[in-house]
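Numbering (my numbering), first residue to last: 2 to 169. Backbone N, C-alpha and C fix where the C-beta goes; we use that ideal spot for every residue, glycine too. None of the values given here were measured: they were computed from a predicted structure.
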Ligand code: FES
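Encoded structure:
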């Protein structure tokens with residue numbers, strides 16, 4: 002005979018060792034399920050300094066989401082001097098990648114990679130690069146052009162104001 006007891010609704014809740022063991026076993030099961038879910042990613046070889054719950058979806062207009070905090074909620078805020086942004090290239094400033102695909106045309110994107118949330122780190126030959134798993138994005142529209150990333154970098158509206166690129 003075992004010491005496992007079945008509780009019915011008209012019995013008082015047990016607080017002895019059997020009940021405690023049940024709680025411990027349920028907790029261990031929940032932790033195990035979490036570990037399994039964590040291991041289900043497509044590629045966990047890179048590091049994600051932004052945490053596993055990043056969200057690079059564009060924030061709705063007028064929201065106070067991360068994109069709005071970067072620039073959209075601060076219309077007119079100076080982001081970078083236009084002279085710092087090379088034609089056909091760009092610069093990474095704070096949370097944004099600011100590019101100039103053609104002379105006088107400026108774009109800004111979130112620097113958070115849409116694959117697994119690493120920060121992009123380099124702009125070379127018309128591409129924004131994420132070294133975690135070698136995704137590349139166009140400096141024109143943030144669209145993925147290589148690597149595992151499938152979604153574009155979130156764009157933030159900007160404009161040229163005098164000598165500066167500012168939030169629009
Ligand atoms: S996080 Fe994987 S390529 Fe950027």
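query: Contact check, residue 99 vs residue 86 under 8 angstroms by CB: the rounded distance?; result: 6 angstroms
query: Give me the Cα-Cα distance between residue 145 and residue 163, rounded to the nearest whole angstrom.; result: 31 angstroms
query: Please identify the residue among 121, 102 and 84 whose C-alpha is closest to the C-alpha of residue 95.; result: 121
query: Here's the rule I'm using: 16 or more other beta-carbon atoms within 10 Å means buried, otherwise exposed. How should residue 168 be labelled?; result: buried
query: So, is residue 84 buried or exposed, given that buried needs 16 or more other C-beta atoms within 10 angstroms?; result: exposed
query: Closest to residue 127 by CA distance: which of 119, 116, 102 and 148 is it?; result: 102
query: Evaluate residue 30 with the Cβ neighbour count: other Cβ atoms within 10 Å of its Cβ, from every protein chain shown; 16 or more gives buried, anything less gives exposed.; result: No answer about residue 30 holds up, because its pLDDT of 37 lies below 50 and its placement is not dependable.
query: Using a 10 Å radius around the Cβ and a threshold of 16 neighbouring Cβ atoms, would you call residue 91 buried or exposed?; result: buried
query: Near residue 107, what residues of its chain come up, given a Cβ to Cβ distance below 8 angstroms and the 5 sequence neighbours on each side ignored?; result: 83, 86, 99, 100, 101, 159, 160, 161 and 166
query: Taking 6 angstroms as the cut-off, is the C-beta of residue 117 nearer than that to any heavy atom in the ligand FES?; result: yes
query: Could you tell me whether the Cβ atoms of residue 137 and residue 147 are closer together than 7 angstroms?; result: yes
query: Between 149, 141, 77 and 142, which lies nearest to residue 134 when the distance is taken from Cα to Cα?; result: 149
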